[in-house]
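Numbering (this note's numbering), first residue to last: 1 to 263. One structure is given here, and the rest of the page talks about it.
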Amino acid sequence: VPTPSNLRYQKARRTLDELVYRIIGERRKQADPGNDLLGMLMRVVGEGEDDRMNDRQLRDELLTLVLAGHETTANLLAFAFHALSTQPYWLRQTQEEIHTVLEGRTPTLADLPRMKITRMVLDETLRLYPPAWTFERQSLEEDVIGGFRLPKGGIVGISPYVLHRDAKLWENPEGFDPMRFSPERSEGRHKFAYLPFGGGPRTCIGNAFAMMEATIILAMVLQHHRLDRDASRPLALDPMVTLRPKHGVYCHLFHRSGGAKGQ
């Protein structure tokens with residue numbers, strides 16, 4: 001349908017395609033494809049020596065990694081800021097952990113294992129507001145699920161947003177409780193009760209990178225700022241391709257002098 005938004009989307013897609021295909025074409029002319037992401041993808045070999053990715057496959061992989069990881073991580077952080085601005089206790093706990101671990105330093109990869117509360121806050125944010133709020137899978141063989149016959153090639157819709165709020169799987173599912181992701185309370189939980197990145201062999205390729213990136217960014221923001229809720233701007237959800245705040249997230253941001261504990 002040639003609506004204004006669809007026309008803008010098609011134009012943006014053509015622009016991206018032209019750029020990516022031009023870069024791929026230039027790289028193919030080089031003897032050495034390089035050691036960056038594109039170079040590594042160009043070296044991938046399938047079952048046969050000549051079974052390498054064509055230009056379309058390279059384009060799909062590059063745009064998936066760049067675009068899928070950009071908006072979803074941004075939405076995760078926006079929802080995390082909203083959640084913490086409405087949860088003073090967890091905001092304080094997170095900032096105290098960041099102060100203790102970092103001692104005023106910029107966070108590095110080596111700090112991530114010690115930022116357990118920060119990570120649990122992000123996990124709980126993903127439970128309540130999974131950016132990949134729905135996805136589909138195709139049945140490889142005929143099957144029966146929950147008494148329903150699923151033909152070979154049938155499409156199954158899965159919604160982490162619904163699954164993550166199922167009272168049969170989660171105690172007080174509408175509440176914000178990062179401790180539900182502590183090792184003690186995670187023990188025994190079904191591995192597919194929590195699917196912010198999908199599950200099984202088709203799980204999101206950028207899972208680890210997304211959580212690393214989000215943890216570092218959240219720590220850097222909270223290290224130097226305090227969040228207060230803007231009660232005049234309630235959160236509204238916009239379940240489009242990704243789940244995002246419909247009108248953005250509004251909260252008051254106050255500088256914490258020197259990133260001091262408790263300020």
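Each residue gets a CB set at the ideal place from its N, CA and C atoms; glycine is no exception. Only a predicted model underlies this, so the values are computations on that prediction, with no experimental measurement involved.
Beta bridge counterpart(s) of residue i as assigned by DSSP
i: Q138; result: I155
i: V144; result: R149
i: R52; result: V45
i: L227; result: L253
Between the CA atoms of residue j and residue i - distance to the nearest angstrom
i: A231; j: Y250; result: 9 Å
i: R92; j: T118; result: 11 Å
i: V241; j: Q10; result: 15 Å
i: T86; j: R13; result: 37 Å
i: S186; j: W170; result: 11 Å
i: G147; j: A219; result: 46 Å
i: Q57; j: P2; result: 27 Å
i: R189; j: P88; result: 28 Å
For residue i, the three-state DSSP class (helix, strand or coil)
i: H255; result: strand
i: Q243; result: What sits at residue 243 in the sequence shown is Leu, not Gln. In this structure, L243 counts as strand in the three-state DSSP scheme.
i: H82; result: helix
i: L235; result: coil
i: L16; result: helix
i: P183; result: helix
i: K198; result: Inspection of the sequence shows that residue 198 is occupied by Gly rather than by Lys. DSSP places G198 in strand when its eight states are reduced to three.
i: A260; result: Residue confidence is low: A260 scores 49 on pLDDT, short of 50, so the model does not pin down where it sits. No coordinate-derived value is stated.
i: D324; result: Outside the displayed span of the chain (1 to 263) sits residue 324, for which this structure offers no information.
Cβ-based burial, residue i [other Cβ within 10 Å; buried from 16]
i: A31; result: exposed
i: P196; result: buried
i: T100; result: exposed
i: I24; result: buried
i: V156; result: exposed
i: F79; result: buried
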